[in-house]
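Per numbering that gives the first Met the number 0, the very first residue in the first sequence carries number 0; after that it's consecutive. The beta carbon of each residue, even a glycine, is placed where N, CA and C say it ideally should be. In this text, all values refer to a predicted model and were calculated from it rather than measured experimentally.
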Amino acid sequence: MNKSERTAIEPRREENYSEWYLQVIKAADLAENSEVRGCMVIKPWGFAIWENIRINLDRMFKETGHQNAYFPIFIPLHFFEKEAEHIEGFAKECAVVTHSRLETNEQGKLEPSGELTEPYIVRPTSETIIGASFARWVNSYRDLPLLINQWANIVRWEMRTRLFLRTTEFLWQEGHTVHETEEDAMIETLRMLDIYAKFAQEYLAIPAIKGEKTESEKFPGAVNTYCIEAMMQDKKALQCGTSHFLGQNFARASNIRFQNREGEFQYAWTTSWGVSTRLIGALIMTHSDDNGLVLPPKIAPAHIAIIPIYRNEQEREMVLQLANKLNNELRQAEFEGIPIITELDDRYLTSSERNWYWIKKGIPLRIEIGPRDIPTHSVIIFRRDENPKDKHRVMIDEVLKYCKTTLEEMQNHIFQKAKEFREQNTVKIDNKEEFYRYFTPKNAEEPEIHGGFAHSHWCGNPLCEEKIKEELKVTIRCIPLEAEKEEGKCIYCGQPSSQRAIFAKAY
RNA sequence: CGGGGUGUAGCGCAGCCCGGUUAGCGCACUGGUUUUGGGAACCAGGAGUCGGAGGUUCAAAUCCUCUCACCCCGACCA
Numbered sequence: 000m001n002k003s004e005r006t007a008i009e010p011r012r013e014e015n016y017s018e019w020y021l022q023v024i025k026a027a028d029l030a031e032n033s034e035v036r037g038c039m040v041i042k043p044w045g046f047a048i049w050e051n052i053r054i055n056l057d058r059m060f061k062e063t064g065h066q067n068a069y070f071p072i073f074i075p076l077h078f079f080e081k082e083a084e085h086i087e088g089f090a091k092e093c094a095v096v097t098h099s100r101l102e103t104n105e106q107g108k109l110e111p112s113g114e115l116t117e118p119y120i121v122r123p124t125s126e127t128i129i130g131a132s133f134a135r136w137v138n139s140y141r142d143l144p145l146l147i148n149q150w151a152n153i154v155r156w157e158m159r160t161r162l163f164l165r166t167t168e169f170l171w172q173e174g175h176t177v178h179e180t181e182e183d184a185m186i187e188t189l190r191m192l193d194i195y196a197k198f199a200q201e202y203l204a205i206p207a208i209k210g211e212k213t214e215s216e217k218f219p220g221a222v223n224t225y226c227i228e229a230m231m232q233d234k235k236a237l238q239c240g241t242s243h244f245l246g247q248n249f250a251r252a253s254n255i256r257f258q259n260r261e262g263e264f265q266y267a268w269t270t271s272w273g274v275s276t277r278l279i280g281a282l283i284m285t286h287s288d289d290n291g292l293v294l295p296p297k298i299a300p301a302h303i304a305i306i307p308i309y310r311n312e313q314e315r316e317m318v319l320q321l322a323n324k325l326n327n328e329l330r331q332a333e334f335e336g337i338p339i340i341t342e343l344d345d346r347y348l349t350s351s352e353r354n355w356y357w358i359k360k361g362i363p364l365r366i367e368i369g370p371r372d373i374p375t376h377s378v379i380i381f382r383r384d385e386n387p388k389d390k391h392r393v394m395i396d397e398v399l400k401y402c403k404t405t406l407e408e409m410q411n412h413i414f415q416k417a418k419e420f421r422e423q424n425t426v427k428i429d430n431k432e433e434f435y436r437y438f439t440p441k442n443a444e445e446p447e448i449h450g451g452f453a454h455s456h457w458c459g460n461p462l463c464e465e466k467i468k469e470e471l472k473v474t475i476r477c478i479p480l481e482a483e484k485e486e487g488k489c490i491y492c493g494q495p496s497s498q499r500a501i502f503a504k505a506y
């Protein structure tokens, strides 16, 4: 391969998408596998992305009246036993704590001792333990609505894990709310779904489809599960957030009752909703390219890398003087209300090494300042959403303005690009043969990137859904909320159907 | 839990089939010199109980037995 064709990440997306994904994470230094199977170490650059996700979502939650609180990581087993579907859904992936101390045995090895009278499970989600508190907190309709969120870690003992997308332990936020009426709870469920979709679009630059899950895909114990689904660059769907209308199921299980306006006791209506560190996986797979991570400016831990270039001490002084001046100016500026964060990279490395370092990390803008630029009163600026060789010569006086408008433009451009990609790979299919052809790779041994989102009719029968899953590994990602009602025939059985569902291969 | 694969320097690997000097290579690291606008070059240097235990042998990274760990594919899933 000649030098001009070389990409920073190998293999490329078309060659081996899942390996590419891992290499992007490695090259950007986001995270690594730990000594604990299935658990990752989130490194500073990756964690800074999570912090930005957290700060912005947290603000949106608070703007809508939610308060943060914190509940125990351990859930007594009997709490968990209260909701049958919930058990069914999570029992197979629970870490269980049975002992409280370690003792040294005859062989000098440590072994667990002090068996607990009742085992604890490590929370795979907190409905049951939060419900126990809510039962005490809620007595009257005057206590409602109760709008609580917690930022926490979660353990789900999955069989196979992938960095960010599915890890044994992960970080998330879980909102739990209690309402007086069914309608109020449903409004809350959809309001939070809107917030997720808005956040995905405006901050992560991910176009997300709001929809409802089918019976087989919904949260264990929920009445309805809503989700936002996005398309990754391998045309597979990734669920990016969920919001559940829990009806009175968990209120009954946890005995959350209140005296209503008529003075009668009744069960409350609850919701729960969450997004996790999986969003970082979505971010990577939506925008990154064969040169590494691409970050939307509004979520990037830093926005501009300033790279001084010089050959000797005299040049160094001149160049650094200008670099520092620009750096200070930019650091005091904002774009779309976000303070601009810069990285002045004066490490003893060649300019291209420093350039590639920041390209792989996904920093939105790079400014090169060299001795040749001083007489021309200009610098060279590169955008991460363009080819690494596309230079923009910008007059020094214009740099601040250029950076501000370009960061805004990039945020929009990255979103539009992702949206176009999804639209190009979304089709309406009404013919069963065509449906099968669409989701069947040419090379079954090593499937190439194929398929996409198929909008097809579904009669509502879980059996049709199951057959399609068995035969094609394609699932109904959601029934989109914003689609028009339309009469048609089920893609599998031909029975009448009133709406299209989104079918896709999924993570 | 089934099927496949890998454990040799911080990382990536060769050597193993066919046992034999002092276990190599690339990257990274350390020191030095020259470099610097698109992934630098040269010189010197440090770094390893060859995953672990047992066995066969004059001799084991290499052969045999057991064992541990990790990765990929499937069943489970945000």
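(Q) So the candidates are 162, 103 and 339; which of them puts its Cα closest to the Cα of residue 18? (A) What you label residue 18 is simply residue 19 of the first sequence in a count that begins at 1. Taking only the C-alpha atoms, the option nearest residue 18 is 162.
Q) For the candidate residues 466, 294 and 499, whose alpha-carbon lies nearest to that of residue 428? A) What you label residue 428 is simply residue 429 of the first sequence in a count that begins at 1. Checked all of 466, 294 and 499; the closest Cα to residue 428 is 499.
Q.
Please state whether the Cβ-Cβ distance between residue 453 and residue 437 is less than 8 Å.
A. Here the question's residue 453 lines up with position 454 in the first sequence. Here the question's residue 437 lines up with position 438 in the first sequence. Against a cut-off of 8 Å, the Cβ pair of residue 437 and residue 453 comes out as a contact.
Q.
Can you look up residue 251 in the DSSP assignment and give me helix, strand or coil?
A. As a working note, residue 251 is residue 252 in the first sequence. The answer is helix: DSSP assigns residue 251 an H, G or I state.
Q: Look up residue 458 in the DSSP assignment and say whether it is helix, strand or coil.
A: As a first step, residue 458 is located in the first sequence; it is residue number 459 there, counting from the start. DSSP, read as helix, strand or coil, puts residue 458 in coil.
(Q) Quick check on this structure: which residue in 391, 191, 80 and 265 has the alpha carbon closest to the alpha carbon of residue 405? (A) In the first sequence, counting from the first residue as 1, residue 405 sits at position 406. Nearest option by C-alpha distance: 391.
Q: May I have a chain-ordered list of the alpha helix (DSSP H) segments no shorter than 4 residues that lie completely inside the stretch 320-402?
A: 350-360 and 372-375
**Q.** Closest by C-alpha distance to residue 493, when choosing among 359, 352 and 432
**A.** On the first sequence, residue 493 is found 494 positions in, with the first residue counted as 1. Selected option, being the one with the closest Cα: 432.
Q. If you run the structure through DSSP and keep just helix, strand and coil, what is residue 516?
A. A query on residue 516 cannot be resolved here, the shown segment of the chain reaching from 0 to 506 and no further.
**Q.** DSSP three-state assignment for residue 283, whether helix, strand or coil
**A.** What you label residue 283 is simply residue 284 of the first sequence in a count that begins at 1. Correct three-state label for residue 283: helix.
Q) Is there contact here, the stretch 145-160 with the stretch 82-95, by at least three beta-carbon pairs under 8 Å? A) Yes: at least three Cβ pairs fall under 8 Å.
Q. Anyone know if the C-beta pair for residue 202 and residue 55 falls short of 8 Å?
A. As a working note, residue 202 is residue 203 in the first sequence. As a working note, residue 55 is residue 56 in the first sequence. Result yes, Cβ atoms of residue 202 and residue 55 sit closer than 8 Å.
**Q.** Any 3 or more C-beta pairs closer than 8 Å across the stretch 116-134 and the stretch 38-45
**A.** no
Q: Could you please give the first and the last residue of the uninterrupted beta strand (DSSP E) stretch that includes residue 275?
A: Within the first sequence, residue 275 is the residue found at index 276, counting from 1. Segment 268-275, the beta strand (DSSP E) holding residue 275.
Q | Enclosing alpha helix (DSSP H) for residue 59 [first to last residue] | A | Stepping through the first sequence from its first residue, residue 59 is reached at position 60. Residue 59 -> alpha helix (DSSP H) spans 43-62.
Q: State the CB to CB distance for the pair residue 219 and residue 80, rounded to an integer number of angstroms; the pair is presumed to be in contact (CB under 8 Å).
A: In the first sequence, the residue the question calls residue 219 occupies position 220. In the first sequence, the residue the question calls residue 80 occupies position 81. Their Cβ separation, rounded to whole angstroms, is 13 Å, which puts residue 219 and residue 80 out of contact at 8 Å.
Q) In chain order, which continuous runs of the alpha helix (DSSP H) of length 4 or greater are located wholly inside the stretch 415-449? A) 431-437
**Q.** Distance, residue 240 Cα to residue 510 Cα
**A.** This structure does not reach residue 510, given that the chain is present from 0 up to 506, and the question cannot be answered.
**Q.** Three-state class that DSSP yields for residue 209 in the structure shown
**A.** Here residue 209 refers to the residue found at position 210 when the first sequence is read from its first residue. The answer is strand: DSSP assigns residue 209 an E or B state.
(Q) Rounded to whole angstroms, what is the Cα-Cα separation between residue 204 and residue 216? (A) Taking the first residue of the first sequence as 1, we reach residue 204 at position 205. Taking the first residue of the first sequence as 1, we reach residue 216 at position 217. Looking at the backbone, the Cα of residue 204 and that of residue 216 are separated by about 26 Å.
Q: Go through its chain and collect everything with a Cβ distance to residue 396's Cβ below 8 Å, but skip five positions before and after it.
A: Indexing the first sequence from 1 puts residue 396 at position 397. Here the set comprises 376.
Q | Sheet register partners of residue 39 (DSSP bridge) | A | Locating residue 39 in the first sequence gives position 40, counting from the first residue. Partner(s): 32.
**Q.** First and last residue of the uninterrupted beta strand (DSSP E) at residue 88
**A.** On the first sequence, position 89 is the one that residue 88 refers to. First-last for residue 88: 83-89, but that is the alpha helix (DSSP H), not the beta strand (DSSP E).
Q. Going by the beta-carbon positions, is the gap between residue 127 and residue 74 smaller than 8 Å?
A. Taking the first sequence and counting its residues from 1, the one referred to as residue 127 is at position 128. Taking the first sequence and counting its residues from 1, the one referred to as residue 74 is at position 75. For residue 127 and residue 74, yes; Cβs fall inside 8 Å.
Q | N-terminal and C-terminal residue of the alpha helix (DSSP H) that residue 167 is part of | A | As a first step, residue 167 must be located in the first sequence, where it is residue number 168. No alpha helix (DSSP H) contains residue 167, which DSSP labels as neither H nor E.
Q. Residues in its own chain within less than 7 Å of residue 231 by CB, not counting five upstream and five downstream?
A. Start at 1 with the first residue of the first sequence, and residue 231 comes out as number 232. Cβ within range, chain order: 237, 284 and 285.
Q. Which same chain residues, not among the five before or five after residue 447, have their C-beta less than 8 Å away from its C-beta?
A. Along the first sequence, one-based indexing puts residue 447 at 448. Around residue 447: 13, 440 and 441.
Q: Tell me where the beta strand (DSSP E) around residue 242 begins and ends.
A: Stepping through the first sequence from its first residue, residue 242 is reached at position 243. Counting along the chain, the beta strand (DSSP E) containing residue 242 begins and ends at 236-244.
Q.
Starting from residue 73, trace the alpha helix (DSSP H) in both directions and tell me its first and last residue.
A. Along the first sequence, read from residue 1 onward, the residue named residue 73 stands at position 74. Looking at the DSSP string, residue 73 is not in any alpha helix (DSSP H); the run it does join, the beta strand (DSSP E), is 73-75.
**Q.** Contact set for residue 333: own chain, Cβ-Cβ below 7 Å, skip 5 residues either direction
**A.** Within the first sequence, residue 333 is the residue found at index 334, counting from 1. Here the set comprises 339.
Q: State the CB to CB distance for the pair residue 399 and residue 368, rounded to an integer number of angstroms; the pair is presumed to be in contact (CB under 8 Å).
A: For this step, residue 399 is matched to residue 400 along the first sequence. For this step, residue 368 is matched to residue 369 along the first sequence. Not really, about 14 Å apart at Cβ, beyond 8 Å.
Q. Start and end of the beta strand (DSSP E) containing residue 121?
A. Reading the first sequence from its first residue, position 122 is the one you call residue 121. Counting along the chain, the beta strand (DSSP E) containing residue 121 begins and ends at 109-121.
Q. DSSP on residue 12, reduced to helix/strand/coil?
A. Translated into positions along the first sequence, residue 12 becomes position 13. Three-state result, residue 12: coil.
Q: Measure the alpha-carbon distance for residue 430 versus residue 64 and round it to whole angstroms.
A: As a first step, residue 430 is located in the first sequence; it is residue number 431 there, counting from the start. As a first step, residue 64 is located in the first sequence; it is residue number 65 there, counting from the start. CA-CA distance, residue 430 to residue 64, rounds to 47 Å.
Q) Excluding sequence positions up to five away, which residues of its chain have a Cβ less than 6 Å from the Cβ of residue 168? A) As a first step, residue 168 is located in the first sequence; it is residue number 169 there, counting from the start. Result list for residue 168: 38, 152 and 154, in chain order.
(Q) On the DSSP letters alone, give me the boundaries of the alpha helix (DSSP H) that residue 201 sits inside. (A) Reading the first sequence from its first residue, position 202 is the one you call residue 201. For residue 201, the uninterrupted alpha helix (DSSP H) run begins and ends at 181-201, by DSSP.
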